[in-house]
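Q:
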Ligand SMILES: NC(=O)c1ccc[n+]([C@@H]2O[C@H](COP(=O)([O-])OP(=O)(O)OC[C@H]3O[C@@H](n4cnc5c(N)ncnc54)[C@H](O)[C@@H]3O)[C@@H](O)[C@H]2O)c1
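Residue numbers (my numbering): 185 to 543.
1. With three or more beta-carbon pairs closer than 8 Å as the criterion, would you say the region 275 to 294 touches the region 310 to 321?
2. Counting Cβ pairs closer than 8 Å, one from the region 345 to 362 and one from the region 458 to 473, do we hit at least three?
3. Out of 403, 522, 527, 486, state which residue places its alpha-carbon closest to the alpha-carbon of residue 539.
4. Exposed or buried, residue 186, counting other C-beta atoms within 10 Å across all chains shown (16 or more means buried)?
5. Let me know if residue 240 comes out buried or exposed under the rule of 16 or more other beta-carbons within 10 Å of its beta-carbon.
6. With distances taken Cα to Cα, identify the nearest neighbour of residue 376 among 365, 391, 411, 386.
7. Are the CB atoms of residue 397 and residue 423 within a distance shorter than 8 Å?
8. Classify residue 534: buried if its beta carbon has 16 or more other beta carbons within 10 angstroms, exposed otherwise.
9. What are the start and end residues of the alpha helix (DSSP H) that includes residue 388?
10. Below 8 Å, can you find three or more Cβ-Cβ pairs linking the region 366 to 385 to the region 239 to 255?
11. Could you tell me the boundaries of the beta strand (DSSP E) in which residue 327 lies?
12. Measuring only from the beta carbon, is residue 430 closer than 7 Å to any heavy atom that is part of ligand 1?
13. How far does the alpha helix (DSSP H) with residue 293 in it reach, from first residue to last?
14. Can you find the residues in the same chain that come closer than 6 Å, C-beta to C-beta, to residue 545, ignoring five residues on each side of it along the sequence?
15. How would you label residue 560, buried or exposed, when you count the other beta carbons within 10 angstroms and need 16 or more for buried?
16. Do residue 273 and residue 298 have their C-beta atoms closer together than 8 Å?
17. Measure the alpha-carbon distance for residue 219 versus residue 212 and round it to whole angstroms.
18. If we count the other Cβ atoms within 10 Å of its Cβ and call it buried at 16 or more, is residue 222 buried or exposed?
19. Kindly list the residues whose CB is nearer than 6 Å to the CB of residue 362, restricted to its own chain and excluding five residues on each side of it in sequence; keep chain order.
20. Grab me the residues of residue 434's own chain with a C-beta within less than 8 Å of its C-beta, minus the 5 sequence neighbours each way, in chain order.
21. Determine whether the Cβ of residue 258 lies closer than 8 Å to any Cβ atom of chain B.
22. Quick check on this structure: which residue in 328, 504, 495 has the alpha carbon closest to the alpha carbon of residue 281?
23. What residue does the beta strand (DSSP E) around residue 421 start on, and which one ends it?
24. Can you tell me whether residue 513 sits near ligand 1, meaning its C-beta is under 7 Å from at least one heavy atom of the ligand?
25. Evaluate contact between the region 506 to 516 and the region 330 to 341, counting only Cβ atoms and requiring at least three cross-stretch pairs below 8 Å.
26. With C-beta atoms as the reference, is residue 471 less than 8 Å away from residue 331?
27. Of all the options 244, 323, 202, which has the alpha carbon lying nearest to the alpha carbon of residue 452?
Take a look at the structure:
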């Protein structure tokens, strides 16, 4: 007797803005284990256009109505940062699993509230740090875990550049916009230092945590000249490894992102591309015992689709998540707050001290 194929996960996308248009609609369409079941946006004109293009089973202007649908299994929260946790809490209360865009939040208290709610309801919440699903970075992490032995030091850098929109406008259709969209009261870019940390620093911290493990303490400095913002962050990982993180925005050069990891039995060297090129990181892992560099191809660089397939697998097949869970998402928020405190107080901050507060 042949077993019936696994039912696909019915996913609803909340928010039809740029990130849904650039990543999530197409990810749902292409994911092997997901059905684009519903979409929702308060902006009816935008909703209608996205419905015509992506053909979900249902479309809603009211989030509560989308959540009330019993056929819906999970929600992607693709809205502005301040709405992430409040809208995730609603989904969790309705018993839906959640893939929420990064950064999870700006506050520890919000993260904790969501963790408690998700655990009480027994639903899975994953944070959209999709770089963990860049096949090169995935390979590097596995090499570090399984072959490299004890980690001695990690350097990671993430520099968004002056020419990024020239490059991305060439590979993406321009997003379809509306005057009816729901936005937070304060414009997210009204405080650029905070915005850059939330938008970009959160990715750098998540990569550092993924590869290096939990951070014990950090000390940050920030130089802001012209319109360049440059943070250098000295990190002490809990496993004893030394760390150095460089977050630079408006770099006068090409996109510049990557990492180096030095370990007992080998080393890792990586260059990461602008995420919208869907190109896997170039990674070389040197294994001392073989005296050879290992270099994965990583042909499938659609990290947004791959994070979604993983999300569905965690829910449907109970695999152990390698994604950014609520615990890791909270650690990223804690790291961002620690960086800010270190700048204000001019000292090293132990992350265990950061039990509350916001960015
Ligand atoms: N992972 C990545 O690489 C990446 C890249 C870019 C942006 N992002 C993240 O994506 C998120 C969204 O970015 P964006 O530029 O698409 O945002 P946006 O604010 O432009 O669009 C969000 C859409 O959601 C709708 N919306 C908000 N609240 C709603 C509600 N309660 N009910 C119905 N509709 C609602 C709005 O009307 C809007 O159309 C941000 O958190 C950002 O950090 C992630």
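Note that CB positions come from ideal geometry on N, CA and C, so glycine has one too.
A: Concretely, from the data shown:
1. yes
2. yes
3. In the chain shown, counting from the first residue as 1, residue 539 sits at position 355. Residue 539 has its Cα closest to that of 522, out of 403, 522, 527, 486.
4. As a first step, residue 186 must be located in the chain shown, where it is residue number 2. No answer about residue 186 holds up, because its pLDDT of 46 lies below 50 and its placement is not dependable.
5. Residue mapping note: residue 240 aligns to position 56 of the chain shown, counting from 1. By the neighbour-count rule (16 or more Cβ atoms within 10 Å), residue 240 is buried.
6. Locating residue 376 in the chain shown gives position 192, counting from the first residue. The shortest C-alpha separation from residue 376 is found at 411.
7. As a working mapping, residue 423 is identified with position 239 in the chain shown. As a working mapping, residue 397 is identified with position 213 in the chain shown. In contact: residue 423 and residue 397 (Cβ atoms closer than 8 Å).
8. As a position in the chain shown, residue 534 is number 350, starting the count at 1. It counts as exposed.
9. Position 204 of the chain shown, counted from the start, is the residue given in the question as residue 388. Here the alpha helix (DSSP H) through residue 388 covers 386 to 396.
10. no
11. Stepping through the chain shown from its first residue, residue 327 is reached at position 143. Per DSSP, residue 327 belongs to no beta strand (DSSP E); it is in the alpha helix (DSSP H), 319 to 330.
12. Position 246 of the chain shown, counted from the start, is the residue given in the question as residue 430. Incorrect: residue 430 has no Cβ contact closer than 7 Å to ligand 1.
13. Along the chain shown, one-based indexing puts residue 293 at 109. Its alpha helix (DSSP H) spans residues 292 to 305.
14. Absent from the model: residue 545. The displayed extent of the chain is 185 to 543, so no value can be given.
15. No statement about residue 560 is possible, as the shown extent of the chain runs from 185 to 543 and does not include it.
16. Within the chain shown, the letter at position 89 stands for residue 273. Within the chain shown, the letter at position 114 stands for residue 298. The answer is yes: Cβ separation under 8 Å.
17. In the chain shown, residue 219 corresponds to position 35, counting from 1. In the chain shown, residue 212 corresponds to position 28, counting from 1. So the two alpha carbons sit approximately 6 Å from each other.
18. Counted from its first residue, the chain shown places residue 222 at position 38. So residue 222 counts as buried.
19. By one-based count along the chain shown, residue 362 stands at place 178. The answer, listed in chain order, is 227, 229, 230.
20. For the purposes of this step, residue 434 is taken as residue 250 along the chain shown, with counting starting at 1. Cβ within range, chain order: 344, 345, 346, 410, 411, 412, 413.
21. You won't find chain B in this structure, because it holds only one protein chain.
22. Locating residue 281 in the chain shown gives position 97, where the first residue counts as 1. Nearest of 328, 504, 495 to residue 281, Cα basis: 495.
23. For the purposes of this step, residue 421 is identified with residue 237 of the chain shown, where counting begins at 1. Looking at the DSSP string, the run of the beta strand (DSSP E) that includes residue 421 is 412 to 421.
24. For this step, residue 513 is matched to residue 329 along the chain shown. No, Cβ of residue 513 sits at least 7 Å from all heavy atoms of ligand 1.
25. no
26. Here residue 471 refers to the residue found at position 287 when the chain shown is read from its first residue. Here residue 331 refers to the residue found at position 147 when the chain shown is read from its first residue. Their beta carbons are under 8 Å apart, which means residue 471 touches residue 331 by this criterion.
27. To locate residue 452, count along the chain shown from 1; it is residue 268. Ranking the options by Cα distance to residue 452, first place goes to 323.
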